[in-house]
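In my numbering, the protein residues as written are 5 to 163.
Beta carbons are placed, not taken as given, at the ideal position from N, Cα and C, and that holds for glycine.
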Amino acid sequence: MKPQRSLGYTLCFLLAILLSGCGTSAKDKLVGHWTGKVEIDNAKYQQKLKETSGHPIQKALVEELIRAVKLGSMDFDLKDDDSYTLSIKLGPLSKDSYGDWKVLQDKGDRIKVQLTDHNGVTDQQTLVFKDANTFTVEAEGEASEFAVFRCRRGEKSDK
5 MKPQRSLGYT LCFLLAILLS GCGTSAKDKL VGHWTGKVEI DNAKYQQKLK
55 ETSGHPIQKA LVEELIRAVK LGSMDFDLKD DDSYTLSIKL GPLSKDSYGD
105 WKVLQDKGDR IKVQLTDHNG VTDQQTLVFK DANTFTVEAE GEASEFAVFR
155 CRRGEKSDK
């Protein structure tokens, strides 16, 4: 009887390990429709403007760029067949694109993806999940001091 009990415990243990490894993959987390916007930390932005106060043209360019960015948005669909579509609106400008995507690295809440557009141009980004329906894009450069790009899962609209 003892060998059967031991075998039963071993099978339960192996089943528990297998089931715990069946979590949501990075690709499963990402497939769907997403809407992204740049969010500005106004206090940090105002500090940055003060730093350019001696350069009126530079200050005007930064202010205009920030105004356009605040109004801008990006809608994109990451599809299960490894393709994507993308629509960016930035002030009066807009751009539509499509291509392929793949997960390069999965560290739980930090996922590195690569997008390759229809012209063969590749871009890699690290996405940091805040919850199952929200992630931010890890920013680089000066803008990362006062801006964050946040994406939320949403329904695709027909607009």
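Annotated as proximal: Phe133 and Asp113, with beta-carbon spacing under 8 Å.
For Glu142, the three-state secondary structure derived from DSSP is coil. Taking each of Ser77, His59, Trp105 and Gly76 in turn and checking the Cα distance to Thr89, the smallest one comes out for Trp105.
For Lys83, the secondary structure class from DSSP, reduced to helix, strand or coil, is coil.
Annotation: the continuous beta strand (DSSP E) that includes Glu43 extends over Gly36 to Ile44.
Membership of Ala151 in the beta strand (DSSP E) is indicated by the continuous run Ala151 to Arg157.
A distance below 8 Å between beta-carbons, with the five flanking residues on each side excluded, links Ser87 to the following residues of its chain, in chain order: Tyr102, Gly103, Asp104 and Trp105. By the Cβ criterion, the segment 66-82 is in contact with the segment 46-55, since at least three pairs of Cβ atoms, one from each stretch, lie closer than 8 Å.
Note on geometry: alpha-carbon atoms of Leu108 and Thr130 lie some 9 Å from one another. Lys93 is bridged by DSSP to Ser77 and Ser98.
Burial check for Gly40: the Cβ neighbour count within 10 Å reaches 16 or more, so the residue is buried.
Around the beta carbon of Asp79, 16 or more other beta carbons sit within 10 angstroms, so the residue counts as buried.
Nearest C-alpha to His37 among Asp81, Ala143 and Asp135: Asp81. With respect to the C-alpha of Leu94, the residue from Ile70, Val117, Asp85 and Lys83 having the closest C-alpha is Ile70.
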